[in-house]
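Residue numbers (the numbering used here), protein chains in the order written: chain A, 1 to 140; chain B, 1001 to 1140. Glycine is no exception: its CB is placed at the ideal position from the N, C-alpha and C atoms.
Number of protein chains: 2
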Amino acid sequence: MRGIDIVDIDDHLRKTGIKPSYQRKAIFEYLMNSNCHSTVNDIYMALSSNISTLSKTTIYNTLNLFVDHNIVEVINIDPNEARYDIVREVPHGHFKCEECGEIYDIFLDFNTLPIKDLNNFTIKTQQINLTGICGKCNEK
Amino acid sequence: MRGIDIVDIDDHLRKTGIKPSYQRKAIFEYLMNSNCHSTVNDIYMALSSNISTLSKTTIYNTLNLFVDHNIVEVINIDPNEARYDIVREVPHGHFKCEECGEIYDIFLDFNTLPIKDLNNFTIKTQQINLTGICGKCNEK
DNA sequence: GTTCCTGCAAAAGCTTTGCAGAAGA
DNA sequence: TCTTCTGCAAAGCTTTTGCAGGAAC
């Protein structure tokens, strides 16, 4: 479900005007293959074992670059910490479980959002963030 | 439009189990009458001239108390800074203009959100955050 | 008198900035 | 060689915590 059709990361980055350095490719690949709406710390923990010199500064630099180039989006569902997700074909919202902390994708049709009163506004980003208790935790 | 029907703040706080101290009433009143989805700093700037001893700690304490008691909600539209809004009868989303920074209320029917795949989930909070360029800035 | 509230100071945590050295073209 | 990228160290911000004095009842 989360897998997307970017086969050649090198090419994908280049197409958006980003030089595909070793670190940048690793960070993009991690985001693409992980399904946990990663924080900077998640990425750092996951990659620093393989790339021992990797610094958080580089992760921040890289993520900001990706966001600027619109291939990654920031999810503000967590007030204390930004989460990052690959920009996907199908826009979707997010649900965070208060109990277990897990973040779920919520697929909904953004085109049918009942938005009124927005004459002459240009919408660039849309985020739908829900919180509550997830199915698993409700069963307990 | 933003005005709500809370006439007696003292009573409103008491009903939700909050002791209506001078500071708490002032903060709640400010949120009720302002229309700018205030930050902690906004509140501090606005009130500290009248309440010279007011500290940001008290504002944080108070807002967290209000949020816990469900009479104020946090808006995470701004990654760097939390914004606070009175919980209103009519749920609504928010739009932040990248140009002027203004935050607008977006009225939409949360009940008709096209959400699927949420069997057995309990939804407690819903936030819809949009960004882009507002009508005023588009005219320039 | 006891409990709760306030606010100063300090700490904690996320993110950005400055800068020097390294890598890449 | 010249530009760009990386990463250490330090700084900047928002928010939380510890704690002592004060207010309320």
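How should residue i be labelled, buried or exposed, when 16 other C-beta atoms within 10 angstroms of its C-beta is the threshold for buried?
{"i": "B:Lys1096", "result": "buried"}
{"i": "A:Gly93", "result": "buried"}
{"i": "A:Arg24", "result": "buried"}
{"i": "B:Ser1055", "result": "exposed"}
{"i": "A:Ser38", "result": "buried"}
{"i": "B:Thr1062", "result": "buried"}
Under a three-way DSSP split, which group does residue i fall into?
{"i": "B:Glu1098", "result": "coil"}
{"i": "B:Glu1081", "result": "coil"}
{"i": "B:Ile1051", "result": "coil"}
{"i": "A:Gly17", "result": "coil"}
{"i": "A:Asp10", "result": "helix"}
{"i": "A:Thr131", "result": "strand"}
{"i": "B:Ile1059", "result": "helix"}
{"i": "A:Gly3", "result": "Unreliable positioning characterises A:Gly3 in this predicted model, as indicated by a pLDDT of 48, which lies under 50. A coordinate reading is not provided."}
{"i": "A:Leu65", "result": "helix"}
{"i": "A:Val90", "result": "coil"}
{"i": "A:Lys124", "result": "strand"}
{"i": "A:Asp109", "result": "coil"}
{"i": "B:Ile964", "result": "For chain B, the structure presents residues 1001 to 1140; residue 964 of chain B sits outside this window and is missing."}
{"i": "A:Ile43", "result": "helix"}
{"i": "B:Ile1027", "result": "helix"}
For a quick check, are the C-beta atoms of residue i and residue j less than 8 Å apart?
{"i": "B:Ile1071", "j": "B:Thr1016", "result": "yes"}
{"i": "B:Gln1127", "j": "A:Asn80", "result": "no"}
{"i": "B:Ile1051", "j": "B:Ala1082", "result": "no"}
{"i": "B:Val1040", "j": "B:Tyr1022", "result": "no"}
{"i": "B:Cys1036", "j": "B:Ile1103", "result": "yes"}
{"i": "A:Asn76", "j": "B:Asn1076", "result": "yes"}
{"i": "A:Phe121", "j": "B:Cys1134", "result": "yes"}
{"i": "A:Thr125", "j": "B:Thr1131", "result": "yes"}
Give a single yes or no on whether residue i has its beta carbon closer than 7 Å to a heavy atom of the ligand ADP.
{"i": "B:Phe1095", "result": "Judged by which ligands are present, the structure shown has none, so any question about the ligand ADP falls away."}
query = Counting Cβ pairs closer than 8 Å, one from the stretch 1022-1031 of chain B and one from the stretch 1055-1068 of chain B, do we hit at least three?
reply = Touching, yes.
task = Give, in chain order, every residue of the stretch 12-34 of chain A whose Cβ lies closer than 8 Å to some Cβ of chain B.
result = Taken residue by residue, none of the stretch 12-34 of chain A has a beta-carbon sitting less than 8 Å from a beta-carbon on chain B.
message = Tell me which residues of the stretch 1115-1136 of chain B have at least one Cβ-Cβ distance to chain A shorter than 9 Å, keeping chain order.
response = Residues of the stretch 1115-1136 of chain B with a C-beta atom less than 9 Å from some C-beta of chain A are Ile1115, Lys1116, Asp1117, Leu1118, Asn1119, Asn1120, Phe1121, Thr1122, Ile1123, Lys1124, Thr1125, Gln1126, Gln1127, Ile1128, Asn1129, Leu1130, Thr1131, Gly1132, Ile1133, Cys1134, Gly1135, Lys1136, listed in chain order.
inquiry  = Any C-beta of chain A within less than 9 Å: which residues of the stretch 1074-1087 of chain B qualify?
reply    = The stretch 1074-1087 of chain B vs chain A, Cβ under 9 Å: Val1074, Asn1076, Ile1077, Asp1078, Pro1079, Ala1082.
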